[in-house]
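Here's the structure we're looking at; comments come further down.
There are 2 protein chains.
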Amino acid sequence: MHATKERLLDEGVAMLLEHGYNDLGIQAILARTGVPKGSFYHHFPSKEEMALQAVDLYVSLGHELLEVTLAPDGRPPLHRIRGFFERLRELYASQGYLGCLLGALGQELSGANEVFRKKIEECVASIAGRIAVCLEEAGDGGDLPTGVDCRGYADALVNAWEGAALRSRLLRSPAPLDAFLDFYFPGSVSG
Amino acid sequence: MHATKERLLDEGVAMLLEHGYNDLGIQAILARTGVPKGSFYHHFPSKEEMALQAVDLYVSLGHELLEVTLAPDGRPPLHRIRGFFERLRELYASQGYLGCLLGALGQELSGANEVFRKKIEECVASIAGRIAVCLEEAGDGGDLPTGVDCRGYADALVNAWEGAALRSRLLRSPAPLDAFLDFYFPGSVSG
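Line by line, the protein sequences give chains A and B.
The first sequence begins at 1 in this note's numbering and counts up by one.
The second sequence begins at 192 in this note's numbering and counts up by one.
So this is what it looks like as structure tokens:
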């Protein structure tokens, strides 16, 4: 990816997380990045297109974290899933506890914007789908009650995490994320 | 309350839920309500003040639901708490599954607006606090494991609900709310 485009997307993620979509002007992005207006429009036809690609970047980072943390490494599957959420907590810490970009844009935009509504749901569902695969592994190993609906449980986990991320954003604190980990993964301590 | 102010706030809640804050212009509220601009500014010094009062109205409805559903009526406390979330689900259904206004505005605004960040956290915490009281009652009656932190559990429930509400908004569907009820209140069927 072109370095300018990459810088615009990196700052785009950070600024969308702080300001949301409608409060963020292209001018502010140009000021923060030092990129000229013409260059912005060379890479993106519109702010909406920039934001959609920022979401893609954000979700691709999420899937990289899923790959790293959920890959079989000798630890029980539930510990690896806890490890994924712990890595998200680290990411949120590095951003000053502003929560999750998917939750932020999903809430702001999905009432009136079908493009973002469908996009964000697709992203959230893709993460839950990956977690469900690891939960199946846990079920096969006898680490879950028999007959658990792994996809339903994965969605419950991801939704509860999104709620904890909202609360973390409201409080600017890791406490709701810590409470999530203790509540849903009480026995697991990742190594 | 003056009838015009009440109409502005009622429509304000509905329009904020659909459009969010920054996408909503005063002009659109005037067009929807047929209220003249001067009358709007007679009741509210600014859009921010209108939105803060819309949040107050929304939360006061939430507390009315809490009063109605959690009051001792012979049913076990956990059934009454489930009843509260069922009534929220009915409310969301009547609004076309647009989720929760607290989650929507909390996500959109709390990155860059301290007034809304603190306001929304205060509102969410007040609801969790009321649920915690009912959980204490459940604990006293032996319906919860000994030593459960009722306030922490209430926050976990409210946060998980907020995540389910986000997902319901993304999907325009009650399914995530239904899944929340089945997951957190599996045995309870309200009457």
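Yeah, the Cβ is synthetic: ideal placement off N, Cα and C, and Gly gets one too.
Nearest-angstrom Cα separation, counted from residue j out to residue i
i, j, result
"leucine 170 of chain A", "cysteine 291 of chain B", "15 Å"
"isoleucine 29 of chain A", "proline 186 of chain A", "42 Å"
"valine 133 of chain A", "alanine 154 of chain A", "9 Å"
"proline 36 of chain A", "valine 59 of chain A", "27 Å"
"histidine 254 of chain B", "alanine 262 of chain B", "12 Å"
"arginine 278 of chain B", "valine 339 of chain B", "26 Å"
"glycine 191 of chain A", "methionine 192 of chain B", "Confidence at glycine 191 of chain A is low in this model, with a pLDDT of 43, below 50, so the placement of that residue is unreliable and no value is reported for it."
"alanine 31 of chain A", "aspartate 23 of chain A", "15 Å"
"serine 359 of chain B", "tyrosine 283 of chain B", "9 Å"
"tyrosine 212 of chain B", "tyrosine 41 of chain A", "27 Å"
"serine 33 of chain A", "proline 45 of chain A", "Sequence inspection shows threonine at residue 33 of chain A; the serine mentioned does not correspond to that position. One C-alpha to the other measures close to 18 Å."
"cysteine 150 of chain A", "glycine 38 of chain A", "48 Å"
"glutamate 108 of chain A", "aspartate 334 of chain B", "38 Å"
Residue i, DSSP secondary structure in three states
i, result
"glutamine 95 of chain A", "coil"
"leucine 361 of chain B", "helix"
"alanine 303 of chain B", "coil"
"asparagine 22 of chain A", "coil"
"phenylalanine 84 of chain A", "helix"
"phenylalanine 180 of chain A", "helix"
"histidine 43 of chain A", "helix"
"threonine 195 of chain B", "helix"
"valine 68 of chain A", "helix"
"proline 77 of chain A", "helix"
"glycine 191 of chain A", "The predicted position of glycine 191 of chain A is uncertain, since its pLDDT is 43 and thus under 50; no value can be drawn from it."
"aspartate 155 of chain A", "helix"
"leucine 144 of chain A", "coil"
"valine 35 of chain A", "coil"
"aspartate 192 of chain A", "Residue numbering for chain A in the displayed model covers 1 to 191; residue 192 of chain A lies beyond these limits and cannot be assessed."
"aspartate 10 of chain A", "helix"
"cysteine 341 of chain B", "helix"
Contacts that residue i makes with chain A (C-beta to C-beta distance below 7 Å)
i, result
"phenylalanine 374 of chain B", "Ala156"
"serine 301 of chain B", "Arg169, Leu170"
"glutamate 353 of chain B", "Gly163, Leu166"
"glycine 343 of chain B", "Ala179"
Spatially closest choice to residue i from the options, by CA coordinates
i, options, result
"glycine 265 of chain B", "B:Ala355, B:Pro367, B:Ala329, B:Ala319", "B:Ala329"
"asparagine 159 of chain A", "B:Arg278, B:Leu256, B:Ala370, B:Asp340", "B:Ala370"
"phenylalanine 181 of chain B", "B:Val246, B:Ser230, B:His210, B:Ser251", "The first residue shown for chain B is 192 and the last is 382, placing residue 181 of chain B beyond what the model contains."
"glutamate 239 of chain B", "B:Arg198, B:Asn304, B:Leu282", "B:Asn304"
"glycine 96 of chain A", "A:Ala175, A:Ala3, A:Asp149, A:Gly62", "A:Ala175"
"leucine 135 of chain A", "A:Phe40, A:Phe84, A:Leu61, A:Ala14", "A:Phe84"
"leucine 315 of chain B", "B:Leu257, B:Tyr283, B:Leu269, B:Glu277", "This sequence places valine at residue 315 of chain B; leucine is not what is there. Among B:Leu257, B:Tyr283, B:Leu269, B:Glu277, the Cα nearest to that of valine 315 of chain B belongs to B:Leu257."
"leucine 157 of chain A", "A:Arg82, A:Ser94, A:Ala51", "A:Arg82"
"leucine 200 of chain B", "B:Gln244, B:Pro236, B:Ser237", "B:Gln244"
"arginine 172 of chain A", "B:Lys309, B:Ala356, B:Tyr212", "B:Lys309"
"leucine 248 of chain B", "B:Leu368, B:Ala356, B:Arg342, B:Leu207", "B:Leu207"
"threonine 260 of chain B", "B:Ile322, B:Thr337, B:Gly354, B:Asp334", "B:Ile322"
"alanine 51 of chain A", "A:Leu78, A:Tyr92, A:Glu6, A:Gly34", "A:Glu6"
"leucine 181 of chain A", "B:Ala355, B:Asp373, B:Gly343, B:Gly211", "B:Gly343"
"serine 389 of chain B", "B:Ala205, B:Phe374, B:Tyr375", "Residue 389 of chain B lies beyond the range of chain B shown here (192 to 382); nothing can be said about it."
"proline 76 of chain A", "A:Gly12, A:Gly34, A:Gly141", "A:Gly141"
"isoleucine 318 of chain B", "B:Phe374, B:Ile217, B:Gly294", "B:Gly294"
Proximal chain A residues relative to residue i, where beta-carbon distance stays under 8 Å
i, result
"valine 315 of chain B", "Arg167, Leu170"
"alanine 295 of chain B", "Gln107, Glu108, Gly111"
Chain-ordered chain B contacts of residue i [CB-CB under 7 Å]
i, result
"glutamate 86 of chain A", "The contacting residues do not exist; glutamate 86 of chain A stays about 17 Å from chain B at best."
"glutamine 27 of chain A", "In chain order: nothing, as chain B lies at least about 15 Å away."
"arginine 117 of chain A", "Leu361"
Residue i: contacting residues in chain B (beta-carbon distance under 8 Å)
i, result
"isoleucine 120 of chain A", "Leu361"
"histidine 19 of chain A", "Gly302, Ala303"
"aspartate 10 of chain A", "Ordered by position in chain B, no residue passes the 8 Å Cβ test against aspartate 10 of chain A, which lies about 17 Å from the chain."
Within chain B, the residues that residue i reaches when beta carbons sit closer than 9 Å
i, result
"proline 174 of chain A", "The premise fails here: proline 174 of chain A is roughly 13 Å from chain B at the closest Cβ pair, so nothing lies under 9 Å."
"leucine 98 of chain A", "Ser301, Gly302"
"aspartate 23 of chain A", "Tyr212, Asn213, Glu299, Leu300, Gly302, Ala303, Asn304"
Residues that residue i contacts on chain A, provided the C-beta gap is smaller than 9 Å
i, result
"aspartate 369 of chain B", "Within chain A, no residue comes near aspartate 369 of chain B; the closest Cβ sits about 10 Å away, beyond 9 Å."
"arginine 280 of chain B", "Ordered by position in chain A, no residue passes the 9 Å Cβ test against arginine 280 of chain B, which lies about 14 Å from the chain."
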